[in-house]
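All residue numbers for the sequence shown refer to my numbering, where the first residue is 1 and numbers rise by one.
Don't be surprised by glycine CBs; every beta carbon is placed ideally from N, CA and C.
Values in this document were obtained by computation on a predicted structure and should not be read as measured data.
Comments concern the structure below.
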Amino acid sequence: MRLKKTQTEDDVRFLPIDHEVKQLLDAFEKYLSIRNEGHPVCMLQNAICGMRGILGRIVSDYFLRLPEDREPDFCATLATLLGERAVHCIEKHPDDADYVEYTIGEMLMAFEYAQELKMRFRGDTILQRLLVADIPLLESFDFGLREKLRLVQCA
1 MRLKKTQTED DVRFLPIDHE VKQLLDAFEK YLSIRNEGHP VCMLQNAICG
51 MRGILGRIVS DYFLRLPEDR EPDFCATLAT LLGERAVHCI EKHPDDADYV
101 EYTIGEMLMA FEYAQELKMR FRGDTILQRL LVADIPLLES FDFGLREKLR
151 LVQCA
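Next up, the structure:
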């Protein structure tokens, strides 16, 4: 007896994205939290490195296979989810709203680069996957701490 198939092949292929997006949202929330708690820059850098890895997996494993007509919805939904995760941070630190917007924009930039690669090399999925590895994910990232950093002189 065969079990009835309840999901299409496409549905199964995209199941892991829920887990990856949740990881990205959690990492983003944690980053904002440790930033607002005044942790050292090296901890912020580690958090950004973690988000880079997750973003890279989402772009290469999911977004490249996403049909072109679904790309805007994906990006809009991701932006909304990131914004929802940042609400608590913005409520506690209203002056960080611009910085949160910058951070979300930097994350979404990876998908804009991927869209450009998909359009430029339409149909060549192998080349797309090779080139997506060179997308600058949160590179030259501004921690937004210029006013808060101070030099400590050792005796």
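field: Length of the line joining the Cα atoms of E84 and E112
entry: The residue labelled residue 84 in the question sits at position 84 within the sequence shown. The residue labelled residue 112 in the question sits at position 112 within the sequence shown. So the two alpha carbons sit approximately 21 Å from each other.
query: Is it true that the CB of Q23 sits closer than 7 Å to the CB of I48?
result: The residue given as residue 48 occupies position 48 in the sequence shown. The residue given as residue 23 occupies position 23 in the sequence shown. Going by C-beta atoms, I48 is not nearer than 7 Å to Q23.
query: What residue from D96, L64, E101, I104 has the CA that sits closest to L127's CA?
result: By 1-based counting over the sequence shown, the position of residue 127 is 127. For the residues D96, L64, E101, I104, the minimum Cα distance to L127 belongs to L64.
message: Quick check: the Cα distance between K118 and L130, rounded to an integer number of angstroms?
response: On the sequence shown, residue 118 is found 118 positions in, with the first residue counted as 1. On the sequence shown, residue 130 is found 130 positions in, with the first residue counted as 1. Between K118 and L130, the alpha-carbon positions lie close to 12 Å from each other.
message: By the DSSP assignment, the alpha helix (DSSP H) with E29 in it spans what residues?
response: By 1-based counting over the sequence shown, the position of residue 29 is 29. Boundaries of the alpha helix (DSSP H) around E29: 16–36.
- prompt: My guess is that L81 and L25 are in contact by the Cβ rule of under 8 Å, so how many angstroms apart are they, rounded?
  reply: Here residue 81 refers to the residue found at position 81 of the sequence shown. Here residue 25 refers to the residue found at position 25 of the sequence shown. Going by Cβ atoms, the distance from L81 to L25 rounds to 6 Å, so yes, they are a contact pair.
- prompt: Just how far apart, CA to CA, sit L78 and E20?
  reply: Indexing the sequence shown from 1 puts residue 78 at position 78. Indexing the sequence shown from 1 puts residue 20 at position 20. So the two alpha carbons sit approximately 11 Å from each other.
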